[in-house]
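Chains A and B, in that order, give the protein sequences. Just so you know, numbering that gives the first Met the number 0 puts 70 at position 71 of the first sequence, and the rest follows in order with no gaps. Just so you know, numbering that gives the first Met the number 0 puts 153 at position 154 of the second sequence, and the rest follows in order with no gaps. Positions of the beta carbon are idealized from the N, C-alpha and C atoms, including for glycine. Since the structure is predicted, the reported quantities are computational estimates derived from the model, not experimental observations.
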Amino acid sequence: MRAFDYVRSSDINTALQQSGLPETRFLAGGTTLLDLMKSGVERPARLVDISHLQGLNDITVVSDHIHIGASAKMSHVAAHAQIQSQAPVLSEALWRAASAQIRNMASIGGNLLQRTRCTYFRDPAAYPECNKRNPGSGCAALNGINRNHAVLGGSDACIAVYPGDLAVALVAFDATVFIRGATDRQVAVDDFYRLPSNRPDIENDLSVGEMIVGVEVPVVPALKNSHYLKVRDRASYEFAAASAAVGLEFEDDGHTIKDVRIALGGVGTKPWRARQVEHALIGKPFTEKVLRDAARYAVDGAQAREHNGFKIVLAPRVIARALMTVGGLV
Amino acid sequence: MADRNKVQFKINGEHRVLELDSRTTLLDAIREHAFLTGTKKGCDQGQCGACTVHVDGERVLSCLTLAAQVDGRNVTTIEGLAQTDGTLHAVQAAFVEFDAFQCGYCTPGQIMSAVACIREGHTGSDDAIREYMSGNICRCGAYPHIVTAVRTAAARLQEGKV
Chain A
0 MRAFDYVRSS DINTALQQSG LPETRFLAGG TTLLDLMKSG VERPARLVDI
50 SHLQGLNDIT VVSDHIHIGA SAKMSHVAAH AQIQSQAPVL SEALWRAASA
100 QIRNMASIGG NLLQRTRCTY FRDPAAYPEC NKRNPGSGCA ALNGINRNHA
150 VLGGSDACIA VYPGDLAVAL VAFDATVFIR GATDRQVAVD DFYRLPSNRP
200 DIENDLSVGE MIVGVEVPVV PALKNSHYLK VRDRASYEFA AASAAVGLEF
250 EDDGHTIKDV RIALGGVGTK PWRARQVEHA LIGKPFTEKV LRDAARYAVD
300 GAQAREHNGF KIVLAPRVIA RALMTVGGLV
Chain B
0 MADRNKVQFK INGEHRVLEL DSRTTLLDAI REHAFLTGTK KGCDQGQCGA
50 CTVHVDGERV LSCLTLAAQV DGRNVTTIEG LAQTDGTLHA VQAAFVEFDA
100 FQCGYCTPGQ IMSAVACIRE GHTGSDDAIR EYMSGNICRC GAYPHIVTAV
150 RTAAARLQEG KV
């Protein structure tokens, strides 16, 4: 590992100033950053430890929104009683991610910024070519072992899948990222993540000198009746082959779909909101056939590579199963 | 240019001050500088759980924690579980009783994880134990006995028998 300077910040403004120097990274839980530093993907000259910052780990649940501080640990948010009762999709997306140890370490802000699990991206010694690490160098995944790569949102430069779970739930429910920097600003989680296009090295909207300080989720009726279904190669401690964050609200007849929220994980280069499926379902009766017919729209425009075509078959099924679970059909 | 940092923390109740390269992980600080070799280095990349220790009472991976990050905190390792007279912790005793290991390399991490798992209240069923112990890999495949040991230790601790 390259040698680095380590500084610890006691307040946000100092941390932002300290982060302005070249080759500097914030260190929070460290579960992504330290891992990537060991493998040589990340080679910072300086770490600004923000894990001791005060006042960034609050979890607030009020009638119209839920606010989660960026330093809150995944495990604490997952176990929060009001999150579990008012927004089960957030708790489920968190406790089905990583392991108990990692969830005790990883912060919510860092979780949003976790890097792809693309094996080519994470192995610079064996695969020098990677447009995400080294723009213009090529992509070993396009013609490599790409079973776990994206079928939605990819480009000829990169098909690395966004690996997270929480952001999928956040995108489904129109959450906002709170950012502090030279100016304070807010951006929709859906807009925070970028498609790779021809610059897969630029993954999100965050600039140097900026820090995520929290996320906020508007409370809607579908949030209380929500679910995160994660299908994977083993039962636990694994990334999604395909996952769905869903929420459902019925009309007063208890059968007609009034509001529905759907986002996919494990299949896209960013958390993937399935708006076409949502639009197809609003106003329709809640039956398995209606769900399965609409769910097919989720993979419109999907592009399979040699090994990942199964995701195009799997993703609509995961959506249907997740909706049937919240709607009481299974 | 590698920084050397003075890191002060408690390991198993004992105050320690170490001068460490900034790159030193908590795992290497425990093993190579505090000379407590019970904590194991398995994958060293956060995938196997062999390095699990407690920081301020919560289980974490010491291989993905910089030593500098635990400055001022309380670290508990496998050596800190038994009583000073040598009486084993209920989880340690259950691992011995139910033969919850073969080669033993993952065992300190399994036990540290299990102690926290019980404290968290995630032992209500065998499925819950398997889910919340999934961060600890056992290449020998001793999982059935590990689940039995965790379930039994949890019950005994809850009944106050130990």
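In terms of beta-carbon proximity, Ile144 (chain A) stays away from the interface with chain B, with every pair separated by 8 Å or more. Distance from the CA of Ser133 (chain B) to the CA of Thr151 (chain B), rounded to the nearest whole angstrom, comes to 18 Å.
Leu156 (chain B) and Asp84 (chain B) have their C-alpha atoms some 19 Å from each other. Its Cα nearest to that of Lys310 (chain A), the residue A:Gly264 stands out among A:Phe285, A:Leu280, A:Asn56, A:Gly264.
The Cβ atoms of Lys229 (chain A) and Arg95 (chain A) lie closer than 8 Å to each other.
Apart from sequence neighbours up to five positions away, the residues of its chain that approach Ile144 (chain A) with a beta-carbon distance below 7 Å are His306, ordered along the chain.
Taken atom to atom, the span from the alpha-carbon of Val167 (chain A) to that of Arg146 (chain A) is near 20 Å. Classified as exposed, Phe34 (chain B) has fewer than 16 neighbouring CB atoms from the shown chains inside 10 Å of its CB. DSSP places Asn135 (chain B) in the coil class of the three-state scheme, outside both helix and strand. Scanning its chain for C-beta atoms nearer than 8 Å, with the 5 sequence neighbours on each side dropped, one finds around Leu205 (chain A) the residues Leu112, Ile178, Phe191, Ile211, in chain order.
Contact of Glu18 (chain B) with chain A is not assigned, every C-beta pair being separated by 8 Å or more.
Under DSSP, Thr36 (chain B) forms no beta bridge with any residue. Partner residues in a beta bridge of His144 (chain B), as assigned by DSSP, do not exist. For a Cβ distance threshold of 8 Å, residue set Ser133, Gly134 of chain B lies close to Tyr236 (chain A), ordered along the chain.
Residues of chain A with a Cβ closer than 9 Å to the Cβ of Gly159 (chain B) do not exist; the shortest Cβ-Cβ separation is about 24 Å.
Contacts between Asn103 (chain A) and chain B, judged by CB atoms closer than 7 Å, involve Glu57, Arg58, Val59 in chain order. Rounded to the nearest whole angstrom, the CA to CA distance from Ala187 (chain A) to Pro43 (chain A) is 28 Å.
Your pair Ala92 (chain A) and Ala234 (chain A) does not check out as a contact, with CB atoms roughly 16 Å apart and the cut at 8 Å.
The segment 75-89 of chain A and the segment 103-117 of chain B do not touch, with fewer than three beta-carbon pairs separated by less than 8 Å.
Contact of Thr64 (chain B) with chain A is assigned, a C-beta pair being separated by under 8 Å.
Annotation for Ser112 (chain B): the continuous alpha helix (DSSP H) segment containing it runs 106-119. Within the same chain, and ignoring the five residues on either side of Thr147 (chain B) in sequence, the residues whose Cβ sits closer than 6 Å to its Cβ are Phe97. For the set A:Leu55, A:Gln85, A:Asp48, A:Gly28, the Cα lying nearest the Cα of Gly45 (chain B) is the one of A:Gly28.
For chain A, the residues of the segment 68-86 of chain B that bring a beta carbon within less than 9 Å of one of its beta carbons are Gln68, Asp70, Gly71, in chain order. Within 8 Å of the CB of Arg129 (chain B), the CB atoms of chain A belong to Ala234, Ser235, in sequence order along the chain. Contacts between Lys37 (chain A) and chain B, judged by CB atoms closer than 8 Å, involve Asp43, Gln44 in chain order.
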